[in-house]
Amino acid sequence: MSVKVRIAPSPTGFLHVGTGQSALYNWLFARKNGGTFQLRIEDTDRERSTKEYEQSIFDALAWLGLTPDGEISRQSEHAGQYRSALEELLAEGKAFYCRHTQEELEAERKNQESKKEPPRHLCDHKNSREEESGIIRLAVKEDDRIIKFDDIIRGPIEFQASLLGDFSIAKSLDEALYNFAVVMDDADMRITHVIRGEDHISNTPKQILIYEALGLPIPHFAHLPLILASDRSKLSKRHGAVAVVDYKKDYLPEALSNFLGSIGYTFSKEILTKEEMISEFDLSKVHKSGAVFDVKKLNWINAQYIRRLSASEFKGLTGLKVSDEAVLLITERLEKLSDASEFSYLWSEPEYPKELLLWKTSSSEEVKQSLEKSLKFLEPLEWGREAMVAGLGHLSNEAGGKGPVFWPLRVALSGKDKSPDPIDIALAIGKEETIKRVQKAVNQLDEQD
Ligand SMILES: [Zn+2]
């Protein structure tokens, strides 16, 4: 039987990075085993589900390079199947209508609490078949049964069936509840391995009982660790960006998937392609405990990927019109794509207060003279690194240090007190622009306040 896995996000929001990670592990497992990776849209919440969110989920997966195989399944299209399966369970007495009121259920819960029993509904309508309204519950035997499953990541997990009570599976024939719909869909899609977040562990025994009641084969289960915020709570909106789409402006998709992959798994190296991840991936080796979403680590990984971009790739991504030398200056220093704007002096003339040109205790006149000397040297120069290093080195010796020459030159070219070496900037922006900027600095110092 060939491997078939799925992710099942709800189109009630953007794709969460945790779902992105889950998609990646599902995809890696499918690719590793020559199986298929499918997408199911869980759109039964009609009020909150939108087509826009659905589209954004497709886009986010495509951006991460995790395009699903085959057709997309939508839960809203399966209502007919749910209904007939519910009717069958009711006819067989495996499910029943519960007529208890909210107040009665509440009283039962309070009574159980006072006796320190787990909250659950033990329904005495189980054997009555007359009623045809109310919530539909699965008839769970009140015996000592232990429901066991072998989680591929966590090993054997056991639940006492009697703690579940007669849990609800549908609000009515046309309103299947979560666990019932998931089981029906996974069976319908012939999913062989359900790989999902650990927050679903407690749903698993209920789902197993539903599979059994329906007489359907039970898939393998693997529960992935949660992604945690730096305070070790579950990563959520209050910690900042959690939607995959939020990462698009700053991160390369290869970097984000590399990062998401390595949060819950120890690969042989820190930077690796998806193909390398596939060849190393072993689902049983996914970590059992949650790991922190460390933005510093993500930035570091992103920087490694940015460095590997060719000049034309970088220009294509950012839309910047700069020389290839300038691209190199940027990509060697960049962690996040949107920070490229900090290097705007490489494509547009910088503005700065003229006081910034002054090196330490130098007077305005001294700085002006230094810049004029540099200008005199640069104007006839055949543009090149070696000649520039030699010439500016010579001027520095004359001035008694590098500072008096390089500082004003740096400010003239970048408008900043921290920047790459002014020689690198001069080579990146070219001779004409360099001369123009140094001249402008001299003129600024000439101006009377
Ligand atoms: Zn009841």
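Read left to right, the sequence shown gives residues 1 to 449 (the UniProt record's numbering).
Backbone N, C-alpha and C fix where the C-beta goes; we use that ideal spot for every residue, glycine too.
Residues of its chain near A255, where Cβ-Cβ distance is below 6 Å and the 5 sequence neighbours each way are ignored: I301, N302 and Y305
task: Examine ligand 1 and report whether any of its heavy atoms sits within less than 6 Å of the Cβ of H125.
output: yes
field: Option nearest E335 by Cα separation, candidates A23, D124 and L252
entry: L252
- prompt: Skipping 5 residues on each side, what residues in its chain have a beta carbon closer than 8 Å to that of A291?
  reply: P225, I227, L228, I263 and G264
task: Using only the heavy atoms of ligand 1, determine whether one of them is closer than 6 Å to the beta carbon of H287.
output: No, ligand 1 has no heavy atom inside 6 Å of this Cβ.
query: Whose C-beta lies closer than 7 Å to the C-beta of K206 among residues of the same chain, with five residues either side of it excluded?
result: L164, F167 and N179
field: Which of helix, strand or coil DSSP assigns to G316
entry: helix
CB of L329 within 7 Å of CB of D446, strictly: no
task: Would you mind working out which of A85, L272, V194 and E71 sits nearest A30, comparing C-alpha positions?
output: V194
query: At a cut of 8 Å, does the stretch 121-128 reach the stretch 91-99 through at least three beta carbon pairs?
result: yes
Run of the beta strand (DSSP E) containing Y97, from where it starts to where it stops: A95 to C98
- prompt: So who's on the other strand from S168, going by DSSP bridges?
  reply: R137
query: Are the beta-carbon atoms belonging to A412 and A441 less than 7 Å from one another?
result: yes
Sequence-distant residues of the same chain with beta carbon closer than 7 Å to L260, five excluded per side: V17, G20, Q21 and L24
- prompt: Between I208 and Q102, what straight-line distance do the alpha-carbon atoms span, to the nearest angstrom?
  reply: 27 Å
task: Leaving aside the five residues before and after I435 along the sequence, list all residues of the same chain whose C-beta is less than 8 Å from its C-beta, in chain order.
output: Excluding sequence neighbours, I435 sits near L375, L378 and E379.
- prompt: Could you check where the beta strand (DSSP E) with E325 kicks off and where it finishes?
  reply: Where E325 is concerned, there is no enclosing beta strand (DSSP E), although the alpha helix (DSSP H) it sits in stretches over D324 to T331.
message: Give me, in chain order, the residues of the same chain whose beta-carbon lies closer than 6 Å to that of N203; leave out the 5 immediate sequence neighbours on both sides.
response: Contacts found: N179.
- prompt: First and last residue of the beta strand (DSSP E) that includes V242?
  reply: Run containing V242: none; DSSP gives neither H nor E here.
message: Out of L105, I153 and R109, which one is the CA nearest neighbour of I135?
response: L105
- request: Check whether the stretch 145-161 touches the stretch 6-15, counting contact only when three or more Cβ pairs, one atom from each stretch, lie closer than 8 Å.
  value: no
Supposed close pair P408, V367 - CB separation, criterion 8 Å: 5 Å
query: In the DSSP assignment, what residue or residues form a beta bridge with S73?
result: R40
message: What does the alpha-carbon distance come out to for the pair P422 and H394?
response: 15 Å
- prompt: So, is P404 buried or exposed, given that buried needs 16 or more other C-beta atoms within 10 angstroms?
  reply: Buried: at least 16 other Cβ atoms inside 10 Å.
- prompt: Using CA coordinates, which residue listed in K274, S257, E275 and E280 is at the minimum distance from S268?
  reply: E280
query: Does the distance from the CB of L283 to the CB of I152 come in under 7 Å?
result: yes
query: Out of D250, L337, E175 and S348, which has the shortest C-alpha to C-alpha gap to E77?
result: Closest option to E77, Cα to Cα, is E175.
- prompt: CA-CA distance, L15 and E325?
  reply: 37 Å
Beta-carbon proximity of K288 to R154, cut-off 7 Å: Yes, the Cβ-Cβ distance between K288 and R154 is below 7 Å.
message: Is any non-hydrogen atom of ligand 1 found closer than 6 Å to the C-beta of H16, if you look at the structure I gave you?
response: Not one heavy atom of ligand 1 falls within 6 Å of the beta-carbon of H16.
- prompt: Helix, strand or coil for R410 per DSSP?
  reply: helix
- request: With DSSP as the reference, label L15 as helix, strand or coil.
  value: coil
field: Straight-line gap, R46 to A79 (C-alpha atoms, nearest Å)
entry: The alpha-carbon of R46 is positioned some 13 Å away from that of A79.
message: Taking 7 Å as the limit between beta carbons, can you name the residues of its chain near T250, skipping five residues before and five after?
response: Looking at the sequence shown, residue 250 is not Thr but Asp. Here the set comprises K336, L337 and S338.
message: Bridge partners for H287 per DSSP, in chain order?
response: None, per the DSSP bridge assignment.
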